[in-house]
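The sequence shown runs 636 to 880 under this note's numbering.
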Amino acid sequence: MNRVSVVTGGTSGIGQGIVEKLLAHSQAEDRIFVNYAHNEERAQEFLKNLPKEQRGKIILLKADMSSYEAMLSFVREIKAQTDHVDWLVSNVGMSTYAKYEDYTFEEWSRIVNTNLSVPVFLVKELRPVMTEGGSVLFMGSYAGQQAYSSSLVYGVTKAAIHFLTKSLVKEFEPKSITVNALAPGFIQTPWHADRSQESYDRINKKIALHRFGEIKDVADMAYSILTNGYMNGSIVDIHGGYDYF
Ligand SMILES: NC(=O)c1ccc[n+]([C@@H]2O[C@H](COP(=O)([O-])OP(=O)(O)OC[C@H]3O[C@@H](n4cnc5c(N)ncnc54)[C@H](OP(=O)(O)O)[C@@H]3O)[C@@H](O)[C@H]2O)c1
């Protein structure tokens with residue numbers, strides 16, 4: 636049977652790195668559903684830049700993962716195109732740098748929906764078509780392990796994702812599907828496009844390796860987890876030695 640993967644937020648940064656890693660190890664009949672929401676041009680560019688023989692394995696699906704209804708349509712489209720999913724990578728996440736005192740309930744809810752609630756139901760909806768022995772991988776964050784984040788809501792939702800990961804192990808036990816999460820520290824992606832040099836310098840001082848991680852570091856780890864049949868309920872930190880000194 637061909638391998639079918641789903642990667643949310645797969646047209647940039649870590650998600651794109653994971654898609655490219657999956658492609659590099661794919662067979663001719665494998666398929667990857669790659670989701671994005673806003674940047675059509677970047678999504679098309681991503682597809683165009685792939686080697687020609689790989690392009691046909693990608694199914695690009697635009698759907699805003701902050702919306703429950705859009706997520707349901709996304710799932711419907713996947714189910715219309717395949718009868719099984721082997722690997723599900725829930726990667727979409729967002730943050731805010733607003734101060735706690737400036738939080739609005741609307742903004743809090745939007746971030747909780749995107750980072751936690753919609754992923755919960757995405758996994759629930761896809762579970763019935765997931766293959767025995769498959770794998771679910773969540774994108775958590777080291778900001779959900781230690782309360783260092785400048786964004787309170789971000790840290791809280793990522794901590795919840797880590798707990799969700801462990802909680803879902805039991806739910807997936809009947810089909811021997813593994814559920815794990817990655818908890819990256821600071822990874823150089825377009826997410827950090829607006830960061831100042833002063834901010835980079837300040838953060839790099841706290842990292843034992845004194846640099847941000849590369850997308851490849853996380854994508855390689857993601858692939859390792861997806862293909863490791865015995866890793867289950869694990870939260871894997873990857874942060875270059877953050878706050879160790
Ligand atoms: N970079 C880091 O330092 C770091 C560290 C720890 C954890 N993480 C986590 O890693 C994940 C990816 O981060 P990244 O740095 O790779 O981000 P990124 O480079 O900004 O990429 C984000 C991807 O998600 C898509 N996306 C954003 N909002 C979406 C939505 N509502 N619905 C569907 N797709 C959406 C984007 O496409 P469109 O713009 O077209 O929607 C893009 O493909 C996030 O969960 C983040 O919390 C990142």
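C-beta atoms are modelled at their ideal positions from N, C-alpha and C, and glycine is treated no differently.
Open item on the list: One question on the structure: do glycine 648 and proline 825 come within less than 8 Å of each other, judged by their Cβ atoms?
Closed with: In the sequence shown, the residue the question calls residue 648 occupies position 13. In the sequence shown, the residue the question calls residue 825 occupies position 190. Yes, these two residues count as a Cβ contact at 8 Å.
Task: Through-space distance from valine 755 to threonine 800, alpha-carbon basis - done: Translated into the one-based positions of the sequence shown, residue 800 becomes position 165. Translated into the one-based positions of the sequence shown, residue 755 becomes position 120. It is roughly 10 Å from the alpha-carbon of threonine 800 to the alpha-carbon of valine 755.
Task: Other residues of its chain near aspartate 721: CB distance less than 6 Å, five sequence neighbours each side excluded - done: The residue labelled residue 721 in the question sits at position 86 within the sequence shown. If you ignore the 5 residues before and after aspartate 721, its C-beta comes within less than 6 Å of the C-beta of Arg638, Val639, Thr766, Gly769, all in its own chain and listed in chain order.
Open item on the list: Tell me whether asparagine 674, by its Cβ, gets closer than 7 Å to a heavy atom of ligand 1.
Closed with: The residue labelled residue 674 in the question sits at position 39 within the sequence shown. For ligand 1, at least one heavy atom lies less than 7 Å from the Cβ of asparagine 674.
- [ ] Assign methionine 856 to one of three DSSP states: helix, strand, or coil.
- [x] Counted from its first residue, the sequence shown places residue 856 at position 221. In the structure shown, methionine 856 sits in a helix (DSSP, three-state: H, G or I).
Task: Contained alpha helix (DSSP H) runs [length at least 4] in the region 807-860, N- to C-terminal order - done: Correct list: 832-841.
- [ ] Have a look at the DSSP bridge pairing and note the partners of tryptophan 743.
- [x] Taking the first residue of the sequence shown as 1, we reach residue 743 at position 108. Bridge partners of tryptophan 743: none, in fact.
- [ ] From the DSSP output, read off the bridge partner residues of asparagine 670.
- [x] Locating residue 670 in the sequence shown gives position 35, where the first residue counts as 1. BP columns for asparagine 670 point to Leu696.
Task: Nearest-angstrom Cα separation, counted from threonine 792 out to tyrosine 735 - done: As a working note, residue 735 is residue 100 in the sequence shown. As a working note, residue 792 is residue 157 in the sequence shown. Computed Cα separation, rounded: 15 Å.
Open item on the list: Does the distance between the C-beta of aspartate 699 and the nearest non-hydrogen atom of ligand 1 fall short of 7 Å?
Closed with: Locating residue 699 in the sequence shown gives position 64, counting from the first residue. Checking the 7 Å criterion, the Cβ of aspartate 699 is within range of a heavy atom belonging to ligand 1.
Task: Any 3 or more C-beta pairs closer than 8 Å across the region 813-830 and the region 839-852 - done: The region 813-830 is in contact with the region 839-852.
TODO: For valine 641, name the three-state secondary structure that DSSP assigns.
DONE: For the purposes of this step, residue 641 is taken as residue 6 along the sequence shown, with counting starting at 1. Looking at valine 641 - three-state DSSP - the assignment turns out to be strand.
Task: Of the residues Glu742, Glu704, Gly876, Ser701, the one placed nearest lysine 840, counting alpha carbons only - done: As a first step, residue 840 must be located in the sequence shown, where it is residue number 205. Taking only the C-alpha atoms, the option nearest lysine 840 is Gly876.
Task: Residues bridged to serine 770 (per DSSP) - done: Taking the sequence shown and counting its residues from 1, the one referred to as residue 770 is at position 135. Trp722, Thr813, per the DSSP bridge assignment.
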